[in-house]
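Numbering (full-length UniProt numbering), first residue to last: 1 to 748.
Cβ coordinates follow ideal geometry from the N, Cα and C atoms, glycine included.
Down below is the structure, laid out as structure tokens.
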């Protein structure tokens with residue numbers, strides 16, 4: 001059975017390790033999934049920016065009626081850029097396929113968990129069956145021990161009666177000697193029976209220790225079941241969250257695809273409108289060239305238009321450079337994605353290898369369990385044989401006792417003549433009364449101590465339950481705070497997206513205003529207003545950042561409080577274990593004292609037998625004191641019965657103490673489970689804190705990106721201001737030239 005327990009413990013440890021590995025793999029896959037989703041989000045943002053830049057480039061190129069070949073080149077460049085965008089979308093689809101593969105791996109891991117649960121249930125059933133068998137065997141052996149003790153007590157009474165009869169008998173010395181020899185033989189037989197009973201008691205104690213070990217193993221298995229159930233619940237919740245996130249990601253991807261299709265359709269419509277506007281612009285340009293070929297004012301206006309077109313061409317070249325840089329960055333992202341896919345494939349292969357190893361280990365554990373079951377069956381058969389032999393020996397003892405009863409009936413006539421043994425019986429009576437009083441006092445003290453320990457354990461249990469409830473409330477509050485933080489982060493992300501949209505809209509408006517030849521003052525005022533809005537949004541983001549940091553500090557304080565509570569619980573657990581050890585030691589000491597007292601009583605009985613031999617000379621005096629001896633014998637029998645009852649009560653008190661110790665062990669196991677639950681809550685809070693920190697970092701990155709966009713807007717605004725200044729200088733120069741030309745015309 002010890003080998004079975006060791007095998008069961010090894011299987012439990014293997015299952016724990018496999019569960020820990022599966023949970024680690026699951027967390028790592030979730031992190032990879034989050035990283036892929038973040039990368040997909042960044043790529044989608046880059047695609048949207050590239051599309052916006054392409055649309056702006058198309059709009060600018062469409063408004064260049066003079067340079068037709070350059071506009072065609074730019075259109076070809078935009079087509080190439082659209083093709084690159086399509087390749088990037090294909091890469092995004094490949095990434096989503098990789099994500100699906102990761103989901104399949106997660107499902108395989110869940111199947112492995114289910115198989116481990118099935119194996120665990122089988123092991124639990126086998127352990128329960130073995131425990132039931134052991135309990136049945138222990139109950140049968142206990143019944144046999146009780147029967148044997150009752151038989152011993154009856155034989156002791158018979159021996160005492162026989163001794164009294166021998167002392168009071170009128171039989172010849174030869175008969176007395178023969179009876180004495182028979183009694184000595186019976187005493188030897190009874191001593192052998194006592195030795196057998198002591199051996200059976202030792203076996204019973206070993207069985208009790210084995211039952212205690214089984215109870216501990218059962219408690220450990222129950223703890224494992226609770227932890228496994230908690231892990232399954234957490235895994236299911238994470239699975240549901242992942243499914244929800246996947247559904248949202250799918251919906252977002254579909255919405256993005258719809259937006260992309262709409263954007264493509266709008267771009268095609270804009271392209272057609274631009275072509276039509278180009279044709280109309282060409283016709284209008286031809287008409288204007290014919291009309292303004294005669295006058296100097298028209299030529300000057302055409303020069304100004306050409307200069308404006310040259311500035312727009314320079315801006316288009318700069319935008320082409322920017323597009324080239326973005327294409328290079330997208331290619332780098334593509335390479336990174338390919339590397340990530342390779343690493344994911346390698347990790348998937350490693351996981352398959354680990355899963356195969358786990359299957360092999362499970363098969364080996366199954367074979368070991370089958371072997372342990374076979375050994376347990378063999379041991380059970382051997383024990384059944386031993387019990388059958390014990391039954392045979394008990395039947396033989398019963399026959400011997402029947403024979404002794406016949407001899408006792410013969411010796412009853414001799415009992416009446418014994419009178420000298422009354423004094424020794426009275427002395428024994430007084431000693432037994434003292435022993436009984438001491439045993440009663442010890443039993444009362446034990447009951448009081450056990451009651452006090454039980455009350456203390458109940459109070460500790462209630463305090464632990466209250467602490468667990470408070471910890472659960474704190475965990476719920478922490479989850480609510482985390483939900484609020486997540487909502488706030490989502491709001492910040494939405495605000496960042498709105499800010500990016502506003503930046504793009506401001507860029508488009510600035511370009512439109514420049515193309516429409518608006519004044520520089522209005523553009524600068526609008527840019528300043530938008531910059532002020534961006535600064536306000538930045539301030540709000542910083543305030544949200546500070547609030548998040550404050551909430552994180554509060555969570556850290558809650559975690560420190562939980563750790564202190566865990567230390568307190570561990571100290572309480574150590575105290576309870578020490579109390580149980582001290583109670584067990586006291587019970588063992590009292591058992592040893594009772595055994596010593598019983599041995600002393602046996603020695604006194606032997607001494608009384610010797611005194612019986614000496615009292616054979618006082619036969620005549622015994623006849624007169626028959627009635628008194630019978631009354632004393634009846635009283636002694638009653639007192640012996642009372643002593644036996646008190647011994648039984650002492651045994652019951654001992655059983656109650658053992659049950660209290662078991663309850664203490666159960667409470668200690670419950671405390672251990674509570675500690676494990678608190679550890680799980682702590683790890684969950686740490687993971688959630690890590691996620692919150694990652695989200696804060698993403699918010700910081702978004703804030704940095706918004707700051708860079710603001711800087712770019714400021715740089716573009718400064719460039720536009722310089723361009724407006726150059727245009728003003730050119731306009732003043734042309735005005736001076738016109739004035740000079742007019743003066744020359746007047747002079748001519």
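{"Check": "Rounded to the nearest angstrom, what separates residue 737 and residue 743 at their Cα positions?", "Outcome": "10 Å"}
{"Check": "Would residue 638 be called buried (16 or more neighbouring beta carbons within 10 Å of its own) or exposed?", "Outcome": "exposed"}
{"Check": "Using the rule of at least 16 other Cβ atoms within 10 Å of the residue's Cβ for burial, across every protein chain shown, is residue 25 buried or exposed?", "Outcome": "buried"}
{"Check": "If you draw a straight line from the alpha carbon of residue 381 to that of residue 132, how long is it in whole angstroms?", "Outcome": "15 Å"}
{"Check": "Indicate whether residue 504 and residue 97 have their beta-carbon atoms separated by less than 8 Å.", "Outcome": "no"}
{"Check": "Please name the residue in 726, 17, 740, 725 whose C-alpha comes closest to that of residue 357.", "Outcome": "17"}
{"Check": "Where residue 20 and residue 459 are concerned, what is the direct C-alpha to C-alpha distance, given to the nearest angstrom?", "Outcome": "35 Å"}
{"Check": "What number of angstroms, rounded off, separates the C-alpha of residue 219 from the C-alpha of residue 567?", "Outcome": "22 Å"}
{"Check": "If we define contact as Cβ-Cβ less than 8 Å, is residue 484 a contact residue for chain D?", "Outcome": "This model lacks chain D altogether; it includes just one protein chain."}
{"Check": "Excluding five sequence neighbours on each side, which residues of the same chain lie with their C-beta closer than 6 Å to the C-beta of residue 497?", "Outcome": "none"}
{"Check": "Let me know if residue 65 comes out buried or exposed under the rule of 16 or more other beta-carbons within 10 Å of its beta-carbon.", "Outcome": "Here the model assigns residue 65 a pLDDT of 47, short of 50, so the residue's position is not dependable and the matter cannot be decided."}
{"Check": "Whole angstroms is fine: what's the gap from residue 697's alpha carbon to residue 122's?", "Outcome": "47 Å"}
{"Check": "Name the residue from 13, 38, 10, 23 whose alpha carbon lies nearest to the alpha carbon of residue 694.", "Outcome": "38"}
{"Check": "Pull up the distance between the alpha-carbon of residue 749 and that of residue 473, whole angstroms please.", "Outcome": "Because the chain here runs from 1 to 748, residue 749 falls outside it and cannot be looked at."}
{"Check": "Just the Cα atoms here: how many angstroms apart are residue 691 and residue 462?", "Outcome": "35 Å"}
{"Check": "In whole angstroms, give me the CA-to-CA distance for residue 182 and residue 452.", "Outcome": "53 Å"}
{"Check": "Cα-Cα, which of 579, 247, 361 is closest to residue 10?", "Outcome": "361"}
{"Check": "How many Å lie between residue 704 and residue 501 at the Cα?", "Outcome": "16 Å"}
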